[in-house]
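*Asks:* Mapping the sequence shown onto this note's numbering, position 195 (from 1) lands on 202, and the numbers just tick up by one. For glycine and all other residues, C-beta sits at the position ideal for the given N, C-alpha and C.
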Amino acid sequence: MNKPQVAIAKCQKIHDYLSVRKAVKESLDLIGGLDSLVSPGDRVLVKPNLIAPYHYTTGATTSPHVIRALCELAKEAGARKVSIAEGSGVGSKTEEVFAVTGLKEISARIGVDLINLKKTKTVYLGIPNGKVFRRLKIPEVFMEADVVVNAPVMKTHDVFPATLGLKNMKGALQEKDKKRFHKWGLAQSIVDLNKLVLPQITVLDGTIGMEGMGPTHGTPVNLGVIISSFDTVAADSVAAAVMGIDPLEIEYVKLASEQGLGCADLSRIEVVGLRIEEVKRPFKRLKLDFASYREKGIEIYEKGACSGCRNTMEAVIAYYMESKGRLGLLKGYTLIFGQNVKIPDEHEGKLVNIGLCTKKFREKGEYVPGCPPHPHDLVAFFEERSRILK
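(1) I want to check one thing, is the minimum distance from the CB of isoleucine 134 to the heavy atoms of the ligand FAD below 6 Å?
(2) Would you check if the distance between the CB atom of glutamine 19 and the CB atom of valine 279 is smaller than 7 Å?
(3) Under 7 Å between the Cβ atoms of isoleucine 38 and alanine 14?
(4) Keeping to the same chain, check which residues put their C-beta closer than 7 Å to that of lysine 408; ignore five residues upstream and five downstream.
(5) Kindly indicate which three-state DSSP category methionine 320 falls into: helix, strand or coil?
(6) Please classify arginine 392: does DSSP put it in a helix, a strand, or coil?
(7) May I have the straight-line CA-CA distance separating glycine 315 from isoleucine 343, to the nearest angstrom?
(8) Among the candidates His354, Ala67, Val228 and Thr64, whose CA atom is the shortest distance from the CA of proline 289?
(9) Relative to the alpha-carbon of proline 206, which residue among Glu218, Ser235 and Glu112 has its alpha-carbon at the smallest distance?
(10) I need the straight-line Cα distance from proline 47 to aspartate 153, nearest angstrom please.
(11) Alpha carbon to alpha carbon, what distance is there between lysine 125 and proline 60?
(12) Could you give the first and the last residue of the continuous alpha helix (DSSP H) run that contains phenylalanine 188?
(13) Using 10 angstroms around the beta-carbon of proline 146, count the other beta-carbons present and answer buried if the total reaches 16, otherwise exposed.
(14) Tell me whether methionine 220 sits in a helix, a strand or coil according to DSSP, three-state version.
(15) What residue range is occupied by the uninterrupted alpha helix (DSSP H) comprising aspartate 243?
(16) Report yes or no: do three or more beta-carbon pairs, one from the segment 209 to 221 and one from the segment 384 to 395, lie closer than 8 Å?
(17) Assign asparagine 347 to one of two classes, buried (16 or more other C-beta atoms within 10 Å of its C-beta) or exposed (fewer than that).
(18) Would the segment 167 to 176 and the segment 248 to 268 be scored as touching if the rule is three or more Cβ pairs under 8 Å?
(19) Return the first residue and the last residue of the alpha helix (DSSP H) that leucine 416 is part of.
Quick look at the structure:
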């Protein structure tokens with residue numbers, strides 16, 4: 008069995024289009040070139056990460072230079088129609104994101120379509136061997152495209168250690184389903200989605216990544232790399248390793264590999280171009296000492312929590328609350344989460360059970376559902392309780 012290839016190329020000038028294009032083309036040529044995938048007359052769909060109206064220099068969104076390069080290379084390979092398609096994050100307006108990120112101007116200049124996936128026609132598709140969902144509503148443009156090019160950014164995340172290629176396809180969903188993913192099991196839901204829309208090629212934008220409080224509020228990392236593969240799971244695994252993260256620590260990557268969507272075993276992946284060690288730069292991740300919050304009037308108990316719940320709780324406490332001077336909203340509460348956690352015999356605060364694993368305790372205190380809960384839902388929960396108490 009042939010090993011999947013993942014190419015790593017270096018970009019010398021991350022803000023210069025020609026330099027970025029050179030790196031994108033180099034990474035693609037190392038695995039056979041885009042023209043080995045795109046045939047004359049094909050319809051090509053490029054799916055970037057445009058989560059919110061943030062300029063690419065923040066590390067939150069895919070560089071417009073990378074997107075332009077992919078579109079132009081697809082045209083040069085003979086594509087008769089090239090489109091850029093995205094549905095921005097819940098609460099964001101995709102048209103505004105297109106404008107802020109420069110895609111509106113670029114699309115007009117190079118003659119490609121912009122598709123707002125929140126407004127395009129969708130169709131229900133059954134999921135082969137779906138474990139959380141039996142069917143999902145998918146934009147028809149994915150079915151109509153001959154080639155889907157996935158172009159995510161290398162970022163840390165408030166639920167997973169990193170958000171990469173597989174996770175980026177969540178932008179294809181309608182907002183209702185994006186919320187259901189969090190309630191019913193985010194990691195497996197992402198895998199179920201990719202059973203329908205697994206891209207033919209993934210080109211990870213590591214020109215400017217994001218560390219710390221990703222996916223939108225972290226610190227930009229000027230990494231200057233492009234990582235490409237026809238195997239999205241393998242691409243994600245190599246990107247994670249470059250970020251100093253064990254690929255199998257990212258639950259959706261682990262599950263996707265186990266369910267046959269690609270390879271997450273670095274020993275079975277052929278890395279071409281630069282070696283991982285040549286470009287490796289560990290990304291900073293949020294790590295909190297939950298016990299230290301007891302002296303601030305907040306009791307936090309967890310045992311056996313997955314990275315999803317732990318990362319979510321760290322994001323809510325450190326970013327959404329503490330960094331904004333709102334930690335007082337949590338004062339007087341006892342928060343528990345994790346599959347093996349138990350309610351302490353003696354606790355001082357009002358009990359809040361967080362996440363699906365604590366559903367069994369919902370009659371002994373308040374319960375916030377989700378697997379994991381969305382950070383915004385947790386913040387809204389405590390804001391509402393604060394209003395009730397006033």
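*Replies:* Result, derived from the coordinates:
(1) The ligand FAD is not part of this structure, which contains no ligands at all.
(2) For glutamine 19 and valine 279, no; Cβs fall outside 7 Å.
(3) Yes, the pair counts as a contact, with Cβ atoms nearer than the cut-off.
(4) Because the chain in this structure spans residues 8 to 397, residue 408 falls outside the shown range and cannot be described.
(5) Three-state DSSP puts methionine 320 in a helix.
(6) Collapsing the DSSP output to three states places arginine 392 in a helix.
(7) If you take the alpha carbons of glycine 315 and isoleucine 343, they lie about 14 Å apart.
(8) Cα-wise, what sits closest to proline 289 is Val228.
(9) When each option's Cα is compared against that of proline 206, the closest is Ser235.
(10) Per the coordinates, the alpha-carbon of proline 47 lies some 11 Å from the alpha-carbon of aspartate 153.
(11) Computed Cα separation, rounded: 15 Å.
(12) Bounds of the alpha helix (DSSP H) holding phenylalanine 188 are 182 to 191.
(13) Counting of Cβ neighbours within 10 angstroms places proline 146 among the buried residues, the total reaching 16 or more.
(14) Methionine 220: coil per DSSP, three-state reduction.
(15) Taken as a continuous stretch (DSSP letters only), the alpha helix (DSSP H) holding aspartate 243 covers 239 to 249.
(16) Cβ pair count under 8 Å is below three, so no.
(17) Flag for asparagine 347 reads exposed.
(18) Taking one beta carbon from each stretch, the segment 167 to 176 and the segment 248 to 268 have 3 or more pairs nearer than 8 Å; the two touch.
(19) Because the chain here runs from 8 to 397, residue 416 falls outside it and cannot be looked at.
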